[in-house]
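A short worksheet on the structure shown next.
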C-alpha cells in the first residue's frame with residue numbers, strides 16, 4: 106500500500122536504485138533469446154541429394170517461425186528500451202515487473218520451437234505462443250503505468266504522444282495475440298498464425314504516433 110511519503114514523491118532514497126544494471130541484464134536476456142531461436146534450425150549431415158532436398162524443405166517452417174519470433178523479440182526489446190529512456194531510478198515493483206517480462210521473453214524460444222513442429226495443426230500451441238507474447242506486452246504496459254504513476258522513477262516528463270503510442274502498441278499486440286488464439290480454435294491454427302500479419306500495421310501506427318508533429 107502506498108504511504109503518504111510515496112504519494113508525495115518523497116520515498117526514502119534507499120528505496121531506489123540506478124536502472125543501469127537492470128538495463129544491462131535486460132539487454133543480455135534479449136540477446137540470448139534472439140540467439141536461442143536459431144538453435145531450432147538445423148539440417149542433418151551426411152545426407153544424399155534427395156534426402157538433403159527433403160530435409161531442406163522441412164526447414165522452411167522453422168525459418169518462418171524464426172523470422173516471426175525474431176521480429177517479436179526485437180519489437181519487445183525496442184519497447185523496453187523506449188520505456189527505459191524515461192526511467193531515472195527503479196524501485197522493487199519496477200524491478201519485479203521487468204524481471205517477469207524478461208521471463209516471458211526468455212521463454213519464447215520454447216513455444217517458437219513447438220510452433221514450427223505443431224503450429225499448423227495444434228491450436229493449443231498457437232495459444233501458448235500467443236499467451237507468452239501477451240504476458241510480455243502486458244508486463245511492459247504495467248511497467249509503463251508504474252512509471253506514469255510514480256514521478257520519482259522518471260528521469261524526465263513523458264510526452265502525451267509517447268503515452269498514446271505505447272498504449273496503442275501494447276494493447277494492440279495483446280488484442281491481436283488473443284485474436285490469434287481464438288481464430289486458431291474457431292477456424293484453424295494456420296489461420297491464427299496468418300492473423301499475426303495484422304500486428305504490422307498496429308506497430309506502424311504506434312511508431313507514427315510517437316513522432317513529434
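In our numbering, the protein residues as written are 106 to 318.
No residue lacks a Cβ here, since even glycine has one placed at the ideal position from N, Cα and C.
Quick caveat, the model's predicted, so the values are computed rather than measured.
Counting only runs of 4 or more residues that sit fully inside the region 249 to 307, the alpha helix (DSSP H) segments are 265 to 291 and 294 to 299, in chain order. Secondary structure note for residue 184: its alpha helix (DSSP H) is the uninterrupted segment 154 to 189. Counting C-beta pairs closer than 8 Å gives fewer than three between the region 222 to 234 and the region 150 to 163, which falls short of the contact rule.
Considering only 163, 302 and 136, the residue with the shortest C-alpha distance to residue 147 is 163. Closest in C-alpha terms to residue 268, from the list 286, 247 and 285, comes 247.
Linking residue 265 to residue 184 through their CA atoms gives a straight-line distance of about 16 Å.
In the three-state reduction of the DSSP assignment, residue 122 falls in the strand class, which pools E and B. Within a 10 Å sphere around the beta-carbon of residue 217 sit 16 or more other beta-carbons, which makes this residue buried. Across the structure, residue 252 and residue 161 are spaced so that their CA atoms are roughly 47 Å apart.
Secondary structure within the region 222 to 246: not one fully enclosed beta strand (DSSP E) run of 3 or more consecutive residues is present. Within the model, the alpha-carbon separation for residue 135 versus residue 129 is close to 10 Å.
Counting C-beta pairs closer than 8 Å gives fewer than three between the region 282 to 291 and the region 206 to 216, which falls short of the contact rule. Per DSSP, reduced to three states, the secondary structure at residue 128 is helical. The beta carbons of residue 221 and residue 166 sit about 5 Å from each other, so the pair counts as a contact at 8 Å.
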